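What follows is a short report on a single structure.
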């Protein structure tokens, strides 16, 4: 058997790794490091905002293969692109009212996204060319999406109750979950080679191997509402409990540790590894950006604009020869992008 080799552009590899793992500089707590970009000022936790067109409703955000920021615009049915300097470009989707949700960079040099209402998975090239792939089953409602280490893209089907896999050529395979009505939402690539996902209605976290073997783990507290998930640099998987108001960690054996947030009812709903190597998250109702260390220490930063409803977060694109000190986030309620400083200026 001859295996087909896939060329992976270096920029695509960097973008996927940075989106999955952040761009950690492994500095000591609060310590400045020499390779952090010096092209911007601000204290630790300082926030800047970038206004988008009214009604755009930015939702999910990721780092693209061109090392720009790419995000979904749920309100205006578009995909957006922003540079580190705040230059914004928008691309309309072919399908009206597609219900665009999550977006992720892949190893094939494209970005892939889900269209919940249109029941499609979409792909956009850095030049803005969009291709859409209808799912085999009607009413599946694709939601979460991530790049897999197998070279494919994996996604969740919120209503279809399946985990899907799509090849760079658009071939789709689906895997039915053992728990009926589980509502799988977010999905991420784990360090153990498996894809990890949350089951919002079933109150579980699951994993799936590249060949489709599924495991499910019950959460220790009922009605936690798991929503976002990411692989931490500690080798474990971390997830948000939007209803339970916690950030939690799960080992590959299914052992769960939970950390309650200081702000009640904050609804943590997105999670990413920051340039400091720690975990950063959005608080949809709390109107804050939070940070949690692997030991469970939590810091919260209030957003300057009320009603921002932060919904997505990702590590900032790197500079030419330096690591950017920020994370970028979406503010769905105020139609803005924002960035928060995670490292001090050297």
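Residue numbers (this note's numbering): 298 to 643. Where a beta carbon is used, it is the ideal one built from N, C-alpha and C, also for glycine. Since we're looking at a predicted model, the values are computed, not measured.
Separation of residue 334 and residue 522 (C-alpha to C-alpha, rounded to the nearest whole angstrom) is 37 Å.
With fewer than 16 neighbouring CB atoms inside 10 Å of its own CB, residue 552 falls in the exposed class. Scanning 628, 415, 565, 500 for the CA closest to the CA of residue 597 turns up 565. In this structure, 526 is the residue among 408, 526, 540, 562 with its C-alpha nearest to the C-alpha of residue 546.
By the 16-neighbour rule on beta-carbons within 10 angstroms, residue 386 is exposed. Contact between the region 406-416 and the region 432-439 is established, with three or more Cβ pairs separated by less than 8 Å.
Pairing residue 512 with residue 400, the inter-Cα distance amounts to about 25 Å. Beyond the five residues adjoining it in sequence on each side, residue 631 comes within less than 7 Å, by CB distance, of 602, 604, 605 in the same chain, given in chain order. The closest CA to that of residue 388, considering only 340, 434, 422, 641, is found on 422. Annotated as proximal: residue 558 and residue 595, with beta-carbon spacing under 8 Å. By the Cβ test, the region 363-370 is not in contact with the region 570-582, since fewer than three Cβ pairs between them sit closer than 8 Å. By the Cβ-count criterion, residue 360 is buried, with 16 or more other Cβ atoms from all chains shown falling within 10 Å of its own Cβ. Between residue 489 and residue 403, the C-beta spacing is not below 8 Å.
Here the alpha carbons of residue 429 and residue 419 stand approximately 4 Å from one another. If only complete runs of 3 or more residues are kept, the region 458-543 shows the beta strand (DSSP E) at 459-463, 469-473, 481-486, 492-496, 501-505, 511-515, 523-528, 534-538, in order along the chain.
Per the coordinates, the alpha-carbon of residue 393 lies some 36 Å from the alpha-carbon of residue 534. A residue is called buried once 16 or more other Cβ atoms fall within 10 Å of its Cβ, and residue 627 is buried on that count. Within the same chain, Cβ atoms closer than 7 Å to the Cβ of residue 532 are found at 488, the five residues on either side in sequence being excluded. With contacts defined as CB atoms closer than 8 Å, residue 524 and residue 462 fail to qualify as a contacting pair. Excluding its 5 nearest sequence neighbours in each direction, residue 445 has C-beta neighbours in its own chain below 8 Å: 451, 462, 486, 492, 507, listed in chain order. Annotation: the continuous beta strand (DSSP E) that includes residue 566 extends over 565-570. In terms of Cα proximity to residue 466, the closest of 589, 448, 364 is 448.
A residue is called buried when at least 16 other Cβ atoms come within 10 angstroms of its Cβ; residue 542 meets this threshold and is buried.
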